[in-house]
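Below is one structure; the comments refer to it alone.
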Amino acid sequence: MQSEPETVCNVAISFDRCKITSVTCSCGNKDIFYCAHVVALSLYRIRKPDQVKLHLPISETLFQMNRDQLQKFVQYLITVHHTEVLPTAQKLADEILSQNSEINQVHGAPDPTAGASIDDENCWHLDEEQVQEQVKLFLSQGGYHGSGKQLNLLFAKVREMLKMRDSNGARMLTLITEQFMADPRLSLWRQQGTTMTDKYRQLWDELGALWMCIVLNPHCKLEQKVSWLTQLKKWNGVDVCPWEDGNHGNELPNLTNALPQGANANQEHLGQCKSLEYQHLPTHKFLEEGESYLTLAVEVALIGLGQQRIMPDGLYAQEKVCRNEEQLISKLQEIELDDTLVKIFRKQAVFLLEGGPYSGLGEVIHRESVPMHTFAKYLFTSLLPHDAELAYKTALRAMRLLVLESTAPSGDLSRPHHIASVVPNRYPRWFTLSHIESQQCELASTMLTAAKGDVQRLETVLESIQKNIHSSSHIFKLGQDAFKIATLMDSLPDITLLKVSLELGLQTMLTAALSLPSKSYTLQAV
């Protein structure tokens, strides 16, 4: 800055196989990242390599000197820095002259300028002490003074390091995790039986997500993964390690308005979103013809969304299941489908429908399997213009909500690739059930809208609604939707949809009546 006096800083940078392995600077700034002076010197070396003279290791230079030159070198070094190195120089001289000293038991002498051997691991410089101190400081501020933002910046740095295949990514995340585990608030919350704050939970979520990226990294060696697994098990065995749902106490937070409604709810506006352009970049080695990073990313996303998984126990974990699913679908909706991607959608939809226990859209699923309504709605709208038959088949399969069924199919035990649906004599604690039922209702409404004018499909959708939807309010809403769709101003009334509306209205009355105390009721048609 022009208003600040100019200062001269002494900077030293060590390199090893194109990596900065250590840095020192006289500015005294302590931070996780390199100071401006280290960055400036690095850029100067990159842009003007000829201006920075390279020297042989100091051991090689000393080897070329005779006795008089060595004595002159040492004496001049002591003279220039006599107040700093004289005590050390005298101590070393005494040890060298002593035959029984430890220094004389070692052949040769260390050379910090020679670098590591080819077999030694080389990694970018990371000030571990500063990482620990910074994380400890941010956690001690309890989410105030922008500490949460600073921790997220650290997480972003870890992601960047992983992207660049920097081995320090795992080192840095290990240091961060150790400080999180040492946070004294964990013990306090455990003793008091209270829950963590939402901001703190989100930080732990990010921590877990980053560890997943590390252990699933295909470029890591097996021994590294074994080491990380051991460390993760060790942390998991600590009493204060928080549960995924975050609830140690008996009180449950209010779920009202906790979740957005629909996959589109992540975008603020049964237009203002930032437009991104996605392109097909060819992979280095094709697995199949026409495959690209984009097709691989989309296919992996579809596989993940369609996998069968049991609904977790805790409130926060259940919210996270819904939230993560909708965020991923929202990301997929930004991609414009071309012929190549449509083929991927068709292939995955067929795989999911014919899949066994790994598919959430398989023929038989576990009673407490996470419902596929939100994902199926996205698949339905994406496939409808290209393969209507497959779109309806997928959506109709996803309409089920077995957790509300009194009985469920036990599965064909002669077909080992099918999971048997276990129906225990208990009602699971699904805290997000109202949200899930609304997603089921949206899926049904989407099918009703698309099936207008098709008598057979409308009847099929009606049967699915009557079979799978148990909430009278949602059945009533679908009846209203069917009536509105059937009587649009720009077309003649759709008789079949009007019949669907009437059927759903009658079912609403019947469902409401059956939920009332046991008395005699008569339904009258006016």
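Using our numbering, you'd call the opening residue of the sequence shown number 3 and step up by one each time. Heads up, the beta-carbon is just placed ideally off N, CA and C, and yes, glycines get one too. Computed from a predicted model, the values in this text were never measured in an experiment.
Query	Result
Identified DSSP bridge partners for Ala446	Bridge partners of Ala446: none, in fact.
Boundaries of the alpha helix (DSSP H) in which Lys235 is found, first to last residue	224-238
Residue nearest to Glu370 in terms of C-alpha spacing, selected from Thr434, Ala378, Thr342	Thr434
Minimum C-alpha distance to Ser436 - residue among Lys469, Ser28, Leu317, Ala184	Leu317
8 Å Cβ cutoff met for Ile585 and Gln136	Nothing can be reported for residue 585, as the shown portion of the chain is limited to 3 through 528.
Heavy atom of the ligand GDP within 7 Å of Thr498 beta-carbon	No copy of the ligand GDP appears in this structure; indeed no ligand is present at all.
Phe17 - containing alpha helix (DSSP H), residue span	Unbroken run through Phe17 is the beta strand (DSSP E), 13-18; no alpha helix (DSSP H).
Straight-line gap, Thr383 to Glu291 (C-alpha atoms, nearest Å)	27 Å
Alpha-carbon spacing of Phe140 relative to Ala351, whole angstroms	46 Å
Between the CA atoms of Ala14 and Cys27 - distance to the nearest angstrom	7 Å
Close Cβ partners of Leu87 (< 8 Å) along its chain, the five nearest in sequence each way excluded	The amino acid occupying residue 87 in the given sequence is Val; Leu does not appear at that position. Result list for Val87: Leu79, Ile80, in chain order.
With 16 other Cβ atoms within 10 Å as the buried cut-off, status of Glu321	buried
Between the CA atoms of Leu212 and Gln329 - distance to the nearest angstrom	17 Å
Through-space distance from Leu355 to His368, alpha-carbon basis	15 Å
Secondary structure of Thr510, DSSP reduced to three states	helix
CA-to-CA distance, Val217 to Lys227, given in whole angstroms	6 Å
Contact under 8 Å by Cβ, Met174 with Val133	yes
Strand pairing of Lys21, partner residues [DSSP]	Asp18
Rounded separation between Glu293 and His476 - CA only	42 Å
Proximity of Thr510 and Phe485 at Cβ, strictly below 8 Å	no
Ordered list of alpha helix (DSSP H) runs contained in the segment 307-369, each at least 4 residues	317-334, 341-356
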